[in-house]
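Right, one structure below, let's go through it.
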Amino acid sequence: MATPLVHRIRLQHVRCLLATATHGNMKAAAEALSITQPAVTKIIKELEDVVGQPLVQRLRHGVCLTPAGERFARHARQGVAALEDALLSVSEADAGPVRLGVLPTLAVELVHDILMAWRGRGMQGPVQVVTGRNHELLTQLQRGELDAVLGRLAEPDRMLALRFEPLWAEPLIAVMAPEHPLAQASWKAWRGWDGAVVMPLPGTGIRQVADAFAASLGWPASHPHGIDTLVVPVARTLALQGGAVWLTPLSTVRHDLASGLLVGRVLPGTATEAVGMFTQAVPALGSARVAAMSDVIRDAGLAWRHRCQEQLALLQV
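Numbering follows numbering that gives the first Met the number 0, in which position 276 of the sequence shown is assigned residue number 275; successive positions increment by one, without gaps.
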């Protein structure tokens with residue numbers, strides 16, 4: 000008795016075809032699936048052999064689906080969506096928490112948006128949010144101790160077996176109380192500042208940017224009134240009540256800037272930092288809830304990018 004065609008089709012066949020349809024070329028599809036381009040070509044050829052006709056048409060600058068491929072993909076998408084719903088239905092009740100790592104300098108408001116959107120989708124089960132330095136969170140993700148990380152682009156050796164999806168880019172800014180003497184002063188006047196300065200912790204990427212700015216003003220490597228911390232409530236209080244200048248990423252203080260509690264200035268001559276979502280390059284089995292959380296993070300990150308761009312346009316350089 001001949002084996003039914005459906006029994007010869009693997010999920011990898013469907014994933015490769017849908018990724019190729021989405022990206023329009025096999026190289027991009029391979030990168031999205033974290034496999035090689037020859038592997039994508041081979042898998043699609045296997046699927047074409049099963050169905051008995053071409054599903055992908057090679058073009059001069061990419062590929063597209065044939066009419067048969069379009070029909071197959073339309074039904075396959077529905078099947079994949081149904082399979083994801085099935086996995087969620089049996090995994091939500093007894094699943095452990097979705098474990099999200101977030102840098103402490105990323106705004107509490109953003110995490111709130113993510114969690115509210117997660118519940119708004121009707122997702123069940125606990126969510127665990129942990130903070131730490133960028134390299135610490137990425138190490139935990141590599142070990143499988145976290146499911147996703149909201150962090151900053153790292154050196155290549157820190158991102159082995161990880162996928163980075165950029166969501167927005169932001170500058171480091173100097174923030175202070177509105178009545179602070181440097182709020183409207185020229186950058187030349189900043190050279191003599193000997194009051195409190197709140198800096199990111201040494202060894203972080205944003206600290207390197209802060210150090211370059213401090214050096215451009217002639218501040219000593221160890222500022223006499225420097226405070227190093229990534230604890231946002233402490234830094235915020237020092238800026239609001241302690242007369243400190245706080246060097247921090249824009250997203251950390253976006254809400255305070257919008258409300259007028261703090262004022263900020265973009266540090267001249269400094270590059271923006273890429274912020275995005277890290278996930279494992281090869282997702283673990285049964286990761287439907289993690290995939291759903293990734294979708295929520297993408298949507299929240301897009302909205303956050305627009306907010307940061309609007310706020311940035313209002314800041315003084």
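All C-beta atoms in this analysis are idealised placements derived from N, C-alpha and C, irrespective of residue type, glycine included.
Within its own chain, the residues whose Cβ lies closer than 6 Å to the Cβ of D227, once the five positions on either side in sequence are excluded, are M198 and L200, listed in chain order. The DSSP-derived three-state label of W218 is coil. Take the alpha-carbon of P165 and the one of H60: they are about 26 Å apart.
In this structure Q310 is buried. Its beta-carbon is surrounded by 16 or more other beta-carbon atoms within 10 angstroms. Secondary structure at D294: helix, using DSSP grouped into helix, strand and coil.
Judged by DSSP in its simplified three-state form, A299 adopts helix.
Between G100 and G124, the gap from beta carbon to beta carbon reaches 8 Å or more. Scanning the region 10-44 from its first residue to its last, the whole alpha helix (DSSP H) runs of 4-plus residues come out as 10-22 and 25-32. Membership of L99 in the beta strand (DSSP E) is indicated by the continuous run V97 to V101. For M115, the uninterrupted alpha helix (DSSP H) segment begins and ends at V107 to G119. A buried status is given to V148, since no fewer than 16 other beta-carbon atoms sit within 10 Å of its beta-carbon. Residue burial annotation: L4 is exposed, with fewer than 16 other C-beta atoms found within 10 angstroms of its C-beta.
Per DSSP, reduced to three states, the secondary structure at W189 is helical.
A direct Cα-to-Cα measurement between L246 and H305 gives close to 22 Å.
With respect to the 8 Å criterion, L171 and L17 are not classified as neighbours on the basis of their beta carbons.
In the structure shown, R151 falls within a strand segment according to DSSP collapsed to helix, strand and coil. Linking W218 to L181 through their CA atoms gives a straight-line distance of about 15 Å. Annotation for V233: no beta strand (DSSP E) segment contains it, though the alpha helix (DSSP H) segment containing it runs V231 to Q240.
Per DSSP, the unbroken alpha helix (DSSP H) holding Q141 starts and ends at N133 to Q141.
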